[in-house]
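Visitor: So for the sequence shown, this note's numbering puts the first residue at 7; every next one is plus one.
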Amino acid sequence: MNDMGQKIFFTVGPTQLYSDVKDFLLEGIKKNIYSINHRSDEFTEISRFTINQLKKLLNIPDNFYIFFLSSATECMERIIENLVEEQSYHFVNGFFARRFYNISNQLKKRPLRNLTGYGDGIDFSNISIPEKTELICLTVNETSTGAAINDMAPVYNLKKEHPDKIFALDAVTSVPYYRINFDYIDTAFFSVQKGFGIPAGLGVLIINKKCIEKTIYLRGKGHNIGSFNNFINLAEKAEKYQTSVTPNVLGIYLLGKVCKLLNKEGLKSIRSETDKKSELIYSKAENFKNVKPFVRNPGHRSKTTICLQISKAHNKIYSGLTKKGLIVSNGYGDFKNKHIRIGNFPMHKISQVKLLMEEIGKTEKK
7 MNDMGQKIFF TVGPTQLYSD VKDFLLEGIK KNIYSINHRS DEFTEISRFT INQLKKLLNI
67 PDNFYIFFLS SATECMERII ENLVEEQSYH FVNGFFARRF YNISNQLKKR PLRNLTGYGD
127 GIDFSNISIP EKTELICLTV NETSTGAAIN DMAPVYNLKK EHPDKIFALD AVTSVPYYRI
187 NFDYIDTAFF SVQKGFGIPA GLGVLIINKK CIEKTIYLRG KGHNIGSFNN FINLAEKAEK
247 YQTSVTPNVL GIYLLGKVCK LLNKEGLKSI RSETDKKSEL IYSKAENFKN VKPFVRNPGH
307 RSKTTICLQI SKAHNKIYSG LTKKGLIVSN GYGDFKNKHI RIGNFPMHKI SQVKLLMEEI
367 GKTEKK
């Protein structure tokens, strides 16, 4: 265990809970919030509060709905079902971007993909989007490899070139750190167990109200748009700050509380702290012998999910950190025993990050 005698979760999700979450949970129990009817006025007020706090935090315009679903993966599935008749286009540079592409295939669409090496950034120069493309899918922060789109300008320029295409953004480990300009993004989604530091079980879909017109069109053509959680049904309920099915009330309540906390702290401060911590991790890793940043180009390195490649004694380093109570994520998929991944979210303190990097340095030398 660390000097505090407690585990610190640097995992990329689920990750360390905000310290205030315990108090929020107990407050909810005292107020019987987890037993209320999801069609009640009490729930409507909780939903309204959370949506307003989230919109304030992420600067989401009024012409966007917030849908509460079960996970980010469900968000991917609903987007394909409700916004694609035939063809989607996917920028793939990691396992989660590939998942989005695979879901489109599984739903019998005809997806196209722009493949980039895992750990490499996306080159947006000379991109040719086929005319029949309906939906363009991007992953801001590829959690599996630690590669990120740190400069969104090329994405926004692509939207300007193709204003008729719907742009969908996987923002799972991106928010609240990464800025999203919703003038150029039609829909984005995330799950709460990462940058928002609350228990897993809630996916959040942000969507321009205009997108619902596409769902109505698909329904009229006889396409399968899903059942209870199709966008038409979700939008009708969202107008009243309700949900189509019985939701994760606990998750929605905690998300609102954490968003209020983050709004009070301010994104400027959060981003500054995140930058300092990521710089510390990368600068230390550059000087290690057996542990190096997996993403070679510093301009494409994620600030929130940092992937380190281990050339020697992966298990010794991983288990050594675990024994110290410093819990990191293994590599993902094919990289399971070759990488460790470090979550760098607002609840992680710079003193904790220093301790983690000191321990990695000690362990890799043994």
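All residues carry an ideal CB built from backbone N, CA and C; glycine is no exception.
1. Quick check on the burial criterion: 16 or more other C-beta atoms within 10 angstroms. Buried or exposed for N163?
2. Which same chain residues end up closer than 8 Å to N293 when comparing Cβ atoms and leaving out the 5 residues on each side of it in sequence?
3. In angstroms with no decimal places, state the Cα-to-Cα distance between S317 and F341.
4. Closest to Q93 by CA distance: which of K115, S197, T249 is it?
5. With DSSP collapsed to three states, give me the class of I66.
6. For the alpha helix (DSSP H) that contains D29, what are its first and last residues?
7. Hey, could you find the ends of the beta strand (DSSP E) H320 is sitting in?
8. At what residues does the alpha helix (DSSP H) containing L261 begin and finish?
9. For Q315, write down the residues that DSSP places opposite it in a beta bridge.
10. Can you give me the start and stop residues for the alpha helix (DSSP H) that N88 sits inside?
11. For Y71, count neighbouring C-beta atoms within 10 Å of its own C-beta (all shown protein chains included) and say buried if the count is 16 or more, exposed if not.
12. Ignore the nearest five residues each way along the sequence and tell me which others in L60's own chain have a CB closer than 6 Å to its CB.
13. Tell me whether the beta-carbon of N99 lies closer than 8 Å to the beta-carbon of D126.
14. Here's a check: name, in chain order, each residue in its chain whose Cβ is nearer than 8 Å to the Cβ of S422, leaving out the five neighbours to either side.
15. Provide the residue span of the alpha helix (DSSP H) that contains S110, from first to last.
16. Does the Cβ of K263 have 16 or more other Cβ atoms within 10 Å, making it buried, or fewer, making it exposed?
17. Just to confirm, is the Cβ distance from L314 to P304 under 8 Å?
18. Give the range of the alpha helix (DSSP H) segment to which V359 is assigned.
19. Would the segment 43-61 count as touching the segment 186-200 if we require 3 or more Cβ pairs under 8 Å?
20. For S110 and Y183, what's the separation of their Cα atoms in angstroms?
21. Where does the unbroken alpha helix (DSSP H) through A159 begin, and where does it stop?
22. Sort out for me which residues DSSP pairs G209 with in a bridge.
23. Under the DSSP definition of a beta bridge, which residues are partnered with S275?
Guide: On the basis of the data shown:
1. exposed
2. none
3. 12 Å
4. Of the candidates K115, S197, T249, the one whose C-alpha sits nearest the C-alpha of Q93 is K115.
5. coil
6. 27-36
7. Note, H320: premise wrong, no beta strand (DSSP E); alpha helix (DSSP H) at 320-329.
8. Annotation: the continuous alpha helix (DSSP H) that includes L261 extends over 255-271.
9. K298, H345
10. 78-89
11. buried
12. C265
13. yes
14. With the chain running from 7 to 372 in the structure shown, residue 422 is simply not present.
15. 101-112
16. buried
17. no
18. It spans 356-371 - the alpha helix (DSSP H) in which V359 sits, taken as one unbroken run.
19. Because the criterion of three Cβ pairs below 8 Å is not met, the segment 43-61 and the segment 186-200 do not touch.
20. Answer to the nearest angstrom: the Cα atoms are 28 Å apart.
21. 159-167
22. L75, S197
23. Paired residues: none, contrary to the question.
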